[in-house]
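J.:
In the numbering used here, the protein residues as written are 163 to 1256.
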């Protein structure tokens, strides 16, 4: 019986085991295993494309082999990019060897008792990973005593079509290249494609064999250039299907059509074509610029039948022009982007050709026979790169592995890249060949969020780098080592002036970061078809968690190139998603666009970065429209425009903050033209344009704007009006009153509401001339004769019979309603269980339908919960949902209660800002309301801060009102923690040692709590204390007595000493990560332990 082996990538964590294997008995090798002489970091710092670790599949799971395969031979005296010249001069071979189809087996250490079965499995695994490689060569330095003959013949067998399939004629007819003036066109006359009707693979075979299936399929139809594949929307994504779809392009359906099947297409050149990368030549410039030109006409391309030959390169169908494939009608935005790309790339090319010493490098990407001259191969793309030495500054905003500073010398910034879409699946080949010619080992691409970025067609084939979940307080300066500049710019100062091109401030600008580390690419994602309704904070948190949270546990970007591949469709109202990523909006009133109300985001950094530092449209399908029905039996979402979207799991995340008042919603099926409610950035932009239209009226015409609301966002909008040209006397504020809302504020922690601050805000806007009417509700309204706009609104007092009728030009509503009336009616019609206009869910957020889940402020648990589950942190809510659905890479149990703090920020009148952070209540019944919390306040340098502690001493609320425009996300580190952990917060405030909480939370001591590994220290301490706590809880004594008894237990059992030792070990291990210097016991080796204390 043959042995089976587990082949995986070797990582730094395996180093000790690898060295031990090198020293074991019965070891044979060829190449140069240097693990014995080198350290862990040095050994893995040398770039190797594939480090393979082979273990025998048995109970012991021991290492039985180690292999290194690279795209260049490991010969110390030979430059990596000269091996083709070296091979040609020293050896005679008729094989069509090239840098893109050949690899080198440089090192193989093995236990002789497991060969040749193990070697065969290694070679099979490698060819599955690199399906474009056809030859393997074993080359060693002259002083090596052993050698091994290459297995290039195996690769030829792998590509031999007669070995795999039996050809038989099949007739297919397609409507393709049909002349417009042909009334009776012979549809069978010009077929140029075939389709795959059925395919499959046995479970005991590797899914990567599907590449061989595709290559032989094209051989079965030598006169066809295109292959079509249709996949039903109900098909569950399997590894075999995913492996096939990697080589296909998904055809975008027309808007409004009903989609039962997804159509995919590929070209034979994408399967057979060899790619080569050639350094830029002057005559290549025009060919590169032609890639941006939209074709005017489409010529009929006929291709004669090709004869079979021995080598695949002879069967390549040449693509003479990128535009030969189709005539696509592009939008205005796409044409503008193409014009910008062409202009920018032209400037780069001119600069590179005119300056031979430039740090910029450009290469053309060609398809065809890689051993032929470049002019005989089709130009299908290009790439422009430059060195990137400022890797350190990226750590402020992104989660990156810590590397040695010398590694920065091998980092490059990918400035521009364009490639024919059929060849995107060969991204790994392109990046490795680019690295071979430039000696770069890490490629970064920066996609600006608030400006246009230069093209990069392989952006989805680069690993997105996750932004930090919580922004830290950085105590050190990120100034560059030379010239002491203020910013890290994307170009050096000299080249920046010469090129006069847009640059990126790596420290302060908002951008998406992508990376390729030359490691093997691994796609990950969800297999089920997920449909999400709504694009609010919950949806954004979910998309971010799916993009980054599904990465296999324990893996990071230093081991593989992880690429998201999500099967997610998000349905949102028209314009909502587009407005979220629209960087072209410019406010005429604000000099600082980031400080404008339109661009000011109230969410925390985790949600905010989905718009600022992550473009989810690269991986998620967005569909704009209104949902008219949910068919629970067929599991389809029906849109008003007639489009049916199939789902396997439906997520309702359609929460709103404000909706139409009851009186207006009952009589109006659509919103009046002069009605506004702010639930998204799209609503803000709409408000801006309506305000500008109102201001365009003659100056002698009186304007009246009615704002209906009572919370912080109401006053934020009033500040928007005042700062954008509206006089205070033209604004009337009407504040409603809700018993349910008042009760909720007393019991729940809601970061968007603060009664004490709101009283002050009323006085502030009243000083600005705003008329205020308290505790009144909307009773009636009147429309103009056109029935499209509001003419007047009538209010009635809550405690009195006082009435108020106002003729309004603009009515802005901030009444708390978390689900639109249309959505409520649709959900009730569909059959989902609801109560009091809220969706009923169980403890796993599952609705009455097992395939539909709901998350947001509009849900209600079927069983009464004793903890807060509304107004919680979106990240934590989504994390619980993913565990319940089994979407996490490592299934883990989560508690029902919420604990992560929720964050809110807003602009206030008179140039102020408010930040409020609250922790959700873990117990509701039998606990006092928020009015009885212990409050501490400070005011200094126009910074007001308030902290509320609960009865156990935990920080439950942090409020800051200031004139400083800055990020306060770092305050989330302190909310929810005990005041003793926060450097004796309560005692220091009592002693008046703290005069400003904002400054106090930016002192050096907070580095300990903000350390990335601090949570592990807490978990260790928890396990250390837990046994003693369990014993004390059994005593049945009061809380005060338990504290005293616990202190005695901790001292007697040595727990206190253990905690101190754990802290010292933590500081010793991570000392280099702290900017603030501090002393440790090992710094005083001459001091004896018996020295008397002073």
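In this text, a Cβ means the ideal position worked out from N, Cα and C, and glycines have one as well.
If you draw a straight line from the C-alpha of residue 591 to the C-alpha of residue 262, how long is it?
T.: The sequence position of residue 591 within the chain shown is 429, counting from 1. The sequence position of residue 262 within the chain shown is 100, counting from 1. Their backbone Cα atoms lie some 7 Å apart in a straight line.
J.: Compare the C-alpha of residue 787 against each of 748, 740 and 766 and name the closest.
T.: For this step, residue 787 is matched to residue 625 along the chain shown. Of 748, 740 and 766, the residue nearest in Cα terms is 740.
J.: Could you tell me whether the Cβ atoms of residue 1077 and residue 1067 are closer together than 9 Å?
T.: Here residue 1077 refers to the residue found at position 915 of the chain shown. Here residue 1067 refers to the residue found at position 905 of the chain shown. The answer is yes: Cβ separation under 9 Å.
J.: Could you round the C-beta distance between residue 815 and residue 698 to whole angstroms and report it? I think they count as a contact, below 8 Å.
T.: What you label residue 815 is simply residue 653 of the chain shown in a count that begins at 1. What you label residue 698 is simply residue 536 of the chain shown in a count that begins at 1. Indeed, because the Cβ distance is near 6 Å, the residues count as touching under 8 Å.
J.: Please look up how many angstroms separate the CB atoms of residue 213 and residue 277, rounded, as I've assumed it's under 8 Å.
T.: Translated into positions along the chain shown, residue 213 becomes position 51. Translated into positions along the chain shown, residue 277 becomes position 115. With a Cβ gap of about 19 Å, residue 213 and residue 277 do not count as contacting.
J.: Do you know how far the Cα of residue 369 is from the Cα of residue 291?
T.: For this step, residue 291 is matched to residue 129 along the chain shown. For this step, residue 369 is matched to residue 207 along the chain shown. Each residue's Cα considered, the two are about 11 Å apart.
J.: How many whole angstroms separate the CB atoms of residue 433 and residue 527, which I take to be in contact at a CB cut-off of 8 Å?
T.: Translated into the one-based positions of the chain shown, residue 433 becomes position 271. Translated into the one-based positions of the chain shown, residue 527 becomes position 365. That pair is no contact at about 17 Å.
J.: For the alpha helix (DSSP H) holding residue 1181, just list the boundary residues, first then last.
T.: Taking the chain shown and counting its residues from 1, one reaches residue 1181 at position 1019. Unbroken alpha helix (DSSP H) run through residue 1181: 1176-1195.
J.: Please work out which residues of its chain come closer than 8 Å, Cβ to Cβ, to residue 179, disregarding the five sequence neighbours upstream and downstream, and give them in chain order.
T.: Here residue 179 refers to the residue found at position 17 when the chain shown is read from its first residue. Excluding positions up to five away in sequence, the list reads 225.
J.: Buried or exposed: where does residue 721 fall if 16 or more other Cβ atoms within 10 Å of its Cβ makes it buried?
T.: Counting from 1 along the chain shown, the entry for residue 721 is found at position 559. Counting Cβ neighbours within 10 Å, residue 721 comes out buried, since at least 16 surround it.
J.: So, helix, strand or coil for residue 1067, using DSSP?
T.: Residue 1067 sits at position 905 when you count from the first residue of the chain shown. Correct three-state label for residue 1067: strand.
J.: First and last residue of the alpha helix (DSSP H) that includes residue 847?
T.: Counted from its first residue, the chain shown places residue 847 at position 685. 843-857 is the extent of the alpha helix (DSSP H) around residue 847.
J.: Using a Cβ-Cβ cut-off of 8 Å (strictly less than) and excluding sequence neighbours within five positions of residue 1245, which residues of its own chain qualify?
T.: One-based indexing of the chain shown puts residue 1245 at position 1083. Excluding residues within five positions, none has a Cβ falling inside 8 Å.
J.: What are the start and end residues of the beta strand (DSSP E) that includes residue 560?
T.: As a first step, residue 560 is located in the chain shown; it is residue number 398 there, counting from the start. Careful: residue 560 lies outside any beta strand (DSSP E) and carries neither H nor E.
J.: Of the choices 1188, 1150, 1142 and 1173, whose alpha-carbon is the least far from that of residue 1132?
T.: Within the chain shown, numbered from 1, the residue matching residue 1132 stands at position 970. That would be 1173, whose Cα lies nearest to the Cα of residue 1132.
J.: Contact between the stretch 662-679 and the stretch 601-610: three or more CB pairs below 8 Å?
T.: Taking 8 Å as the limit for Cβ pairs, the verdict is that the stretch 601-610 does touch the stretch 662-679.
J.: Alpha carbon to alpha carbon, how far is residue 724 from residue 409?
T.: Residue 724 sits at position 562 when you count from the first residue of the chain shown. Residue 409 sits at position 247 when you count from the first residue of the chain shown. Spanning the two alpha carbons is a distance of roughly 18 Å.
J.: In terms of residues, what are the limits of the beta strand (DSSP E) holding residue 252?
T.: Translated into positions along the chain shown, residue 252 becomes position 90. Not the beta strand (DSSP E): residue 252 falls in the alpha helix (DSSP H), residues 245-252.
J.: Who does residue 870 pair with in a DSSP beta bridge?
T.: Counted from its first residue, the chain shown places residue 870 at position 708. For residue 870, which the question treats as bridged, DSSP gives the partners 896 and 975.
J.: Curious, which full-length beta strand (DSSP E) runs of at least 3 residues does the stretch 500-585 contain?
T.: You should have 523-530, 540-549 and 573-581.
J.: Below 8 Å, how does it come out for the stretch 838-858 and the stretch 951-970: are there three or more Cβ pairs, yes or no?
T.: In short, these stretches do not touch, since the Cβ pair count stays below three.
J.: Can you give me the Cβ contacts of residue 1139 inside the same chain, cut-off strictly under 8 Å, excluding the 5 residues immediately before and after it?
T.: Along the chain shown, read from residue 1 onward, the residue named residue 1139 stands at position 977. Result list for residue 1139: 1116, 1117 and 1171, in chain order.
J.: Tell me which residues share the same chain as residue 524 and place their Cβ nearer than 6 Å to its Cβ, disregarding the 5 neighbours each side in the sequence.
T.: Against the chain shown, residue 524 aligns to sequence position 362. So the list reads 442, 514 and 546, once near-sequence residues are dropped.
J.: Whole alpha helix (DSSP H) runs in the stretch 733-818 with 4 or more residues, listed along the chain?
T.: You should have 738-742 and 767-774.
J.: Touch check for the stretch 973-989 and the stretch 862-872: three-plus C-beta pairs under 8 Å?
T.: Contact between the stretch 973-989 and the stretch 862-872 is present, because at least three Cβ pairs lie under 8 Å.
J.: Between residue 1013 and residue 797, which are expected to be in contact by the criterion C-beta below 8 Å, what is the C-beta distance as a whole number of angstroms?
T.: Numbered from its first residue, the chain shown carries residue 1013 at position 851. Numbered from its first residue, the chain shown carries residue 797 at position 635. Their Cβ separation, rounded to whole angstroms, is 6 Å, which keeps residue 1013 and residue 797 in contact under 8 Å.
J.: Beta carbon of residue 500, beta carbon of residue 632: below 9 Å?
T.: Taking the chain shown and counting its residues from 1, the one referred to as residue 500 is at position 338. Taking the chain shown and counting its residues from 1, the one referred to as residue 632 is at position 470. No, the Cβ-Cβ distance between residue 500 and residue 632 is not below 9 Å.
J.: Are the beta-carbon atoms belonging to residue 910 and residue 1036 less than 9 Å from one another?
T.: The residue given as residue 910 occupies position 748 in the chain shown. The residue given as residue 1036 occupies position 874 in the chain shown. Not closer than 9 Å, so no.
J.: Between the beta-carbon of residue 843 and the beta-carbon of residue 738, is there less than 9 Å?
T.: As a working note, residue 843 is residue 681 in the chain shown. As a working note, residue 738 is residue 576 in the chain shown. Yes, the Cβ-Cβ distance between residue 843 and residue 738 is below 9 Å.
J.: Counting along the chain, where does the beta strand (DSSP E) carrying residue 903 start and finish?
T.: In the chain shown, counting from the first residue as 1, residue 903 sits at position 741. Element bounds for residue 903: not the beta strand (DSSP E) but the alpha helix (DSSP H), 901-909.
J.: Which whole-angstrom value describes the C-beta separation of residue 944 and residue 957, a residue pair presumed to lie in contact below a C-beta threshold of 8 Å?
T.: Position 782 of the chain shown, counting from 1, holds the residue named residue 944. Position 795 of the chain shown, counting from 1, holds the residue named residue 957. 13 Å between Cβ atoms; not a contact.
J.: Report yes if the C-beta distance between residue 705 and residue 686 is below 9 Å; otherwise report no.
T.: Counted from its first residue, the chain shown places residue 705 at position 543. Counted from its first residue, the chain shown places residue 686 at position 524. Result no, Cβ atoms of residue 705 and residue 686 do not sit closer than 9 Å.
J.: DSSP beta-bridge partners for residue 271?
T.: For the purposes of this step, residue 271 is identified with residue 109 of the chain shown, where counting begins at 1. 191 and 228, per the DSSP bridge assignment.
J.: Which value, in whole angstroms, describes the spacing of the CA atoms of residue 1119 and residue 1055?
T.: Translated into the one-based positions of the chain shown, residue 1119 becomes position 957. Translated into the one-based positions of the chain shown, residue 1055 becomes position 893. Computed Cα separation, rounded: 27 Å.
J.: What does residue 864 pair with, by DSSP beta-bridge criteria?
T.: As a working note, residue 864 is residue 702 in the chain shown. In the DSSP output, where bridge partners are listed per residue, residue 864 has none listed.
J.: Could you tell me which residues DSSP puts in a beta bridge with residue 412?
T.: Along the chain shown, one-based indexing puts residue 412 at 250. Its beta-bridge partners are 426.
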